[in-house]
Amino acid sequence: MDYQGKLNNKSIANKHCYIAILFILTLLSLPQTVLSQQEERLAVVSKYEGDVKVEHESVSKTVKQIGNRIRNSAVYEEDSVKTMHSSTANLVFNDNTSLDIDEDTALTISSREMSEEERTEGGFIRQVSGKQSAIVRSINIKAGKFLADITPSKSVLTRFETPTGVASVRGTKFAFTYVGGVTSIDLSQGLIDFSSSGGDVSFVVEPGDFINVSTPELGHTSIDVMAGRLNIETATGASMSIEEGGSLEVEVNDETGEMTVTGVVGVVTMTNDDGTTIDVEAGTSLGIQDTA
39 MDYQGKLNNK SIANKHCYIA ILFILTLLSL PQTVLSQQEE RLAVVSKYEG DVKVEHESVS
99 KTVKQIGNRI RNSAVYEEDS VKTMHSSTAN LVFNDNTSLD IDEDTALTIS SREMSEEERT
159 EGGFIRQVSG KQSAIVRSIN IKAGKFLADI TPSKSVLTRF ETPTGVASVR GTKFAFTYVG
219 GVTSIDLSQG LIDFSSSGGD VSFVVEPGDF INVSTPELGH TSIDVMAGRL NIETATGASM
279 SIEEGGSLEV EVNDETGEMT VTGVVGVVTM TNDDGTTIDV EAGTSLGIQD TA
């Protein structure tokens, strides 16, 4: 090969190298908003009224109707949806689960794979879809209320989280409110498993139940049954029932682990190990919680 040919080959190689470097630099310089389009969309605001915002990576954008399209409506991992005063939104997930969100509501959405510990444990999590679920979809409610229509799924467990506790659901329709430190659940269809923050008490909400739960401070739990009847399990192993119109308050001594009833309204009963039933009163000891 002559000298001129070598120069031409070198020139072509340099040109290809330059193009490759330019392509890489272009990718690195793309705005984060463009790269984020490759993320999996978890939900979308399908309808709205008033002032609704979606926050993505700490940047809050107002949902806007432009022609037949709704801009800034996509919701990705760890995004937040906020409705302002006199504003509402309909949020639809990939599995057609939907939330009709009322005014003054703020919630954050995330998802993760179910842990091995969750896969192997018994109880409601395994019952939630008839077999082990693979994905946990978490909706963290800062404040507000909504109507939920959860699509039955064999692969997704939906959890609603508030400072009061966690509600795990399967194919379910219910009204959910978290305002002033009180979680309210009004269930019309399906089942909801609720565990208070700290895991002191847990129960299954059934159709027709309407309950209020609050945890004014760690180790203190208050439950009001506005409609229906609630069967409660405590971390100490005690089983209790609250009739409609009744309420129960319990607290756990952070030093001894003893759980004690601090307040009762209406009919609240406890079933002993021998199957006998007694009325629960303020001061009733519910046993010592295992802190190991």
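Quick note on numbering: the sequence shown equals residues 39 to 330 in this note's numbering. Positions of the beta carbon are idealized from the N, C-alpha and C atoms, including for glycine.
Within a 10 Å sphere around the beta-carbon of residue 327 sit 16 or more other beta-carbons, which makes this residue buried. Contact between the segment 214-230 and the segment 278-297 is not established, with fewer than three Cβ pairs separated by less than 8 Å. In the DSSP annotation of this structure, the continuous segment of the beta strand (DSSP E) that includes residue 203 starts and ends at 203-207. The Cβ-Cβ distance between residue 145 and residue 119 falls below 7 Å.
When secondary structure is reduced to three states using DSSP, residue 115 falls in the coil class, being assigned neither helix nor strand.
For residue 229, there is no enclosing beta strand (DSSP E), as DSSP marks it with neither H nor E. Counted as a single uninterrupted DSSP element, the stretch harbouring residue 80 is not any beta strand (DSSP E), since DSSP gives it neither H nor E. Secondary structure note for residue 89: it is in no beta strand (DSSP E), with a DSSP letter that is neither H nor E. No residue range can be given for residue 152, since it is assigned to no beta strand (DSSP E) and is classified by DSSP as neither H nor E. Distance check between residue 215 and each of 198, 208 and 209 places 198 closest, using alpha-carbon atoms only.
The beta carbons of residue 147 and residue 80 sit about 6 Å from each other, so the pair counts as a contact at 8 Å.
Look at residue 197 here: in three-state DSSP terms it is strand.
Across the structure, residue 172 and residue 310 are spaced so that their CA atoms are roughly 37 Å apart.
A Cβ-Cβ distance of about 7 Å is found for the pair residue 254 and residue 219, placing them in contact under the 8 Å criterion. Excluding residues up to 5 positions away in sequence, 83, 84, 85, 86, 136, 137, 138 and 139 lie with their Cβ nearer than 8 Å to the Cβ of residue 128 in the same chain. The residue from 98, 96 and 176 with its alpha-carbon nearest to that of residue 131 is 176. About 16 Å separates the beta carbon of residue 186 from that of residue 217, a gap too long to meet the 8 Å contact definition.
In terms of Cβ geometry, residue 323 and residue 298 form a close pair [threshold 7 Å].
In this structure, the beta-carbon distance from residue 318 to residue 302 falls below 7 Å. Here DSSP, grouped into helix, strand and coil, assigns residue 305 to coil. For residue 172, the secondary structure class from DSSP, reduced to helix, strand or coil, is coil. The segment 247-310 contains, as complete beta strand (DSSP E) runs of 3+ residues, the segments 248-252, 258-265, 268-272, 277-280, 285-290, 296-303 and 306-309 (chain order).
If you draw a straight line from the Cα of residue 296 to the Cα of residue 244, it is about 29 Å long. Annotation: residue 93 to residue 117 spans about 6 Å, alpha carbon to alpha carbon. The alpha-carbon separation between residue 133 and residue 184 amounts to approximately 18 Å.
Beyond the five residues adjoining it in sequence on each side, residue 274 comes within less than 7 Å, by CB distance, of 297, 324, 325, 326 and 327 in the same chain, given in chain order.
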